[in-house]
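Below is one structure, written out as structure tokens; comments come after it.
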Amino acid sequence: MAQERTGSRKLYFGWVVVGAALASMAFWLGIRTSFSVFYVALLEEFPWERGDSAGVQSTALLTYTFLAPLVGGMIDRFGPRRVILPGILVLSVGLVLCATIQSLTQFFIYYGVVMGAGISCIGIVSYSAILAHWFEKKRGLASGIAVSGMGLGTFVLVPLSQQLISTWGWRATFVVTGILVLVILLPINGLFLRHKPEEVGQLVDGAAFPEKQGGPDGVFLKSPTTDWTLKGALASARFWHVMALSFFSIIGIYTILVHNVKFLVDQGIDKMTAAFLFALVGAISSGFRIFWGWLSDRIGRELTFTLGILCACLGAASLLLVEKTGTKGYAFAFSIFFGMGWGVTAPMYMAISADLFKGRIFGLIYGIIEGGIGVAGALGAWLAGYIFDIHNSYRWAFVLVIVVFLVSILFVWLAAPGKHRRRPG
Numbered sequence: 379m380a381q382e383r384t385g386s387r388k389l390y391f392g393w394v395v396v397g398a399a400l401a402s403m404a405f406w407l408g409i410r411t412s413f414s415v416f417y418v419a420l421l422e423e424f425p426w427e428r429g430d431s432a433g434v435q436s437t438a439l440l441t442y443t444f445l446a447p448l449v450g451g452m453i454d455r456f457g458p459r460r461v462i463l464p465g466i467l468v469l470s471v472g473l474v475l476c477a478t479i480q481s482l483t484q485f486f487i488y489y490g491v492v493m494g495a496g497i498s499c500i501g502i503v504s505y506s507a508i509l510a511h512w513f514e515k516k517r518g519l520a521s522g523i524a525v526s527g528m529g530l531g532t533f534v535l536v537p538l539s540q541q542l543i544s545t546w547g548w549r550a551t552f553v554v555t556g557i558l559v560l561v562i563l564l565p566i567n568g569l570f571l572r573h574k575p576e577e578v579g580q581l582v583d584g585a586a587f588p589e590k591q592g593g594p595d596g597v598f599l600k601s602p603t604t605d606w607t608l609k610g611a612l613a614s615a616r617f618w619h620v621m622a623l624s625f626f627s628i629i630g631i632y633t634i635l636v637h638n639v640k641f642l643v644d645q646g647i648d649k650m651t652a653a654f655l656f657a658l659v660g661a662i663s664s665g666f667r668i669f670w671g672w673l674s675d676r677i678g679r680e681l682t683f684t685l686g687i688l689c690a691c692l693g694a695a696s697l698l699l700v701e702k703t704g705t706k707g708y709a710f711a712f713s714i715f716f717g718m719g720w721g722v723t724a725p726m727y728m729a730i731s732a733d734l735f736k737g738r739i740f741g742l743i744y745g746i747i748e749g750g751i752g753v754a755g756a757l758g759a760w761l762a763g764y765i766f767d768i769h770n771s772y773r774w775a776f777v778l779v780i781v782v783f784l785v786s787i788l789f790v791w792l793a794a795p796g797k798h799r800r801r802p803g
């Protein structure tokens, strides 16, 4: 016990786990968002409709939808490394296979199914299921730092993919991406990933081991929690409110993530500049994921989510102004405001869900919520392409984005995580 007390005063290993999550989610969303630059290259080479080809990303998201609850449940039961490490191998293979495609059907299979299955194992559902056990009083901050990797991945991988495509072609770029996944993520997760603080002789939040029953002053006492069953969670209104707030907001997010580069190119912005503007979205979102997570620990999840989503609405409105006025400067406003708004989503999904449902089967419960997010992302990616094919414009797609964003704000207040989370005194 003396050795454990000494260990508890060292670096809290939970922050190492946060670092592994950050690196993994950088690839998780960096690969997803890089689809937008592959999308442009593939449409130039193959005679595919935009709606049909955007459906490949929708298929990957539907694969994620079906696998997310399974991934979360398996992590609850077997621990993260037995799930995440095989997933990294499948992801790498899927990306390399994408370099060989000759038809849309092959793209659906290699990217939508194989790659989609692998990437499901290194996403937010996996690390949310892990980090919920490591943090209580700094849950928002830890979640924000972890998911800041999503913005970092977008910032790095989108322009890198565009540069590699311009230099070597999209086939070589798929191979390079697959190799990077293997050589970076496999050792990081193999060496540093742990499921719970007890595995390294520590307590939640790095608290000191108590000398006697009751604990010393300053140890954060967890709020009373329900030992949730799946049936009980599905029967609760708060579960469906969380599902709704994430579902509606992600429809808007993925409408823009998949189509913004093509939209900007259509407006006369060159490909590299469009990729840079999208990368800027990722960089801004990365910093704001940390900020929103930190802020939510202090002012509450509801108000934080509301402020962030209003920023996202301004980002979507900026795209409408690009088309209406032809002023390219609004594209920079899009990058700033949408980056700010996008940054609020993932840390709030993670923190709100853990506030409400942390327990023995949290991975499974959050996996189901993420499954709904996958459906919403698939719907947004496909629907925007479909709207464009009908109207030859993204205008009504961006109007829809603002509407669904505003609807999501209603549901975060109905979920009311602040009523179920006791802040440390």
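Under our numbering, the first residue of the sequence shown carries the number 379, and numbering increases by one thereafter.
A virtual CB, placed ideally from N, CA and C, is assigned to each residue, including glycine.
Residue i and residue j look like a contact to me (Cβ under 8 Å); what is the Cβ gap, rounded to whole Å?
| i | j | result |
| --- | --- | --- |
| Arg738 | Asp605 | 6 Å |
| Gly745 | Gly494 | No, Gly745 and Gly494 are not in contact; Cβ-Cβ is about 15 Å, not under 8 Å. |
| Leu439 | Ala756 | 4 Å |
| Thr532 | Val434 | The pair is not a contact, with the Cβ atoms about 19 Å apart (cut-off 8 Å). |
| Thr411 | Leu635 | 6 Å |
| Phe625 | Ile751 | 7 Å |
| Val491 | Val468 | In fact, because the Cβ distance is near 10 Å, the residues do not count as touching under 8 Å. |
| Ala348 | Arg517 | A query on residue 348 cannot be resolved here, the shown segment of the chain reaching from 379 to 803 and no further. |
| Ala661 | Val639 | About 16 Å separates the two Cβ atoms, so there is no contact after all. |
| Ser627 | Ser786 | 4 Å |
Along the chain, where does the alpha helix (DSSP H) containing residue i start, and where does it finish?
| i | result |
| --- | --- |
| Asp644 | Ala615 to Asp644 |
| Ile677 | Lys649 to Ile677 |
| Cys476 | Arg459 to Cys476 |
| Arg572 | Taken as a continuous stretch (DSSP letters only), Arg572 belongs to no alpha helix (DSSP H), as it is neither H nor E. |
| Phe776 | Arg773 to Ala793 |
| Tyr442 | Arg428 to Phe456 |
| Gln348 | The requested residue 348 does not occur in the structure, where the chain is confined to residues 379 to 803. |
| Ile500 | Unbroken run through Ile500: none, as it is neither H nor E. |
| Arg410 | Phe391 to Glu423 |
| Tyr744 | Phe740 to His769 |
| Ala729 | Gly707 to Phe735 |
| Leu612 | Leu608 to Leu612 |
| Gln484 | Leu482 to Phe485 |
Using the C-alpha atoms, what's the distance from residue j back to residue i?
| i | j | result |
| --- | --- | --- |
| Trp791 | Ala399 | 28 Å |
| Phe735 | Ser544 | 46 Å |
| Phe783 | Gly579 | 43 Å |
| Lys810 | Trp618 | Examination of residue 810 is not possible in this model, given that the chain is present from 379 through 803 alone. |
| Val395 | Ile768 | 46 Å |
| Ile466 | Leu623 | 30 Å |
| Ile743 | Asp648 | 43 Å |
| Ser521 | Val722 | 11 Å |
| Leu542 | Pro795 | 44 Å |
| Gly633 | Ile462 | Here residue 633 is Thr; the residue named in the question, Gly, does not match the sequence. Straight-line Cα distance between these residues: approximately 28 Å. |
| Leu698 | Thr684 | 21 Å |
| Gln540 | Ala432 | 18 Å |
| Ile409 | Ala419 | 15 Å |
| Thr441 | Phe413 | 16 Å |
| Ile566 | Lys574 | 17 Å |
| Met726 | Arg679 | 7 Å |
| Ala615 | Val753 | 20 Å |
| Met728 | Ala613 | 20 Å |
| Phe772 | Ala585 | The amino acid at residue 772 is misidentified as Phe; the sequence shows Tyr. Computed Cα separation, rounded: 51 Å. |
| Glu748 | Ala446 | 6 Å |
| Gly630 | Gly686 | 13 Å |
| Leu761 | Leu681 | 29 Å |
| Leu688 | Gln480 | 42 Å |
Is it right to say residue i is buried, meaning 16 or more other beta carbons lie within 10 angstroms of its own, or is it exposed?
| i | result |
| --- | --- |
| Ala550 | exposed |
| Lys797 | exposed |
| His511 | buried |
| Phe456 | exposed |
| Thr705 | exposed |
| Asn770 | exposed |
| Gly568 | exposed |
| Glu514 | buried |
| Leu608 | exposed |
| Phe485 | buried |
| Phe710 | exposed |
| Ser713 | buried |
| Arg460 | exposed |
| Ile677 | exposed |
| Tyr561 | According to the sequence provided, residue 561 is Val. The question's Tyr does not apply to it. Flag for Val561 reads exposed. |
| Met650 | exposed |
| Trp373 | What is shown of the chain runs 379 to 803, which leaves residue 373 out entirely. |
**Q.** Cβ contact check for the region 691-698 and the region 768-777: 3 or more pairs under 8 Å
**A.** yes
Q. Is the region 673-687 close to the region 535-543, with three or more CB pairs under 8 Å?
A. no
Q: Could you tell me whether the region 708-722 touches the region 426-442, using the rule of 3 or more Cβ pairs below 8 Å?
A: no
Q. Does the count of Cβ pairs from the region 496-507 and the region 633-646 closer than 8 Å reach three?
A. no
Q. Three or more C-beta pairs closer than 8 Å, one from the region 394-414 and one from the region 515-529: is that the case here?
A. yes
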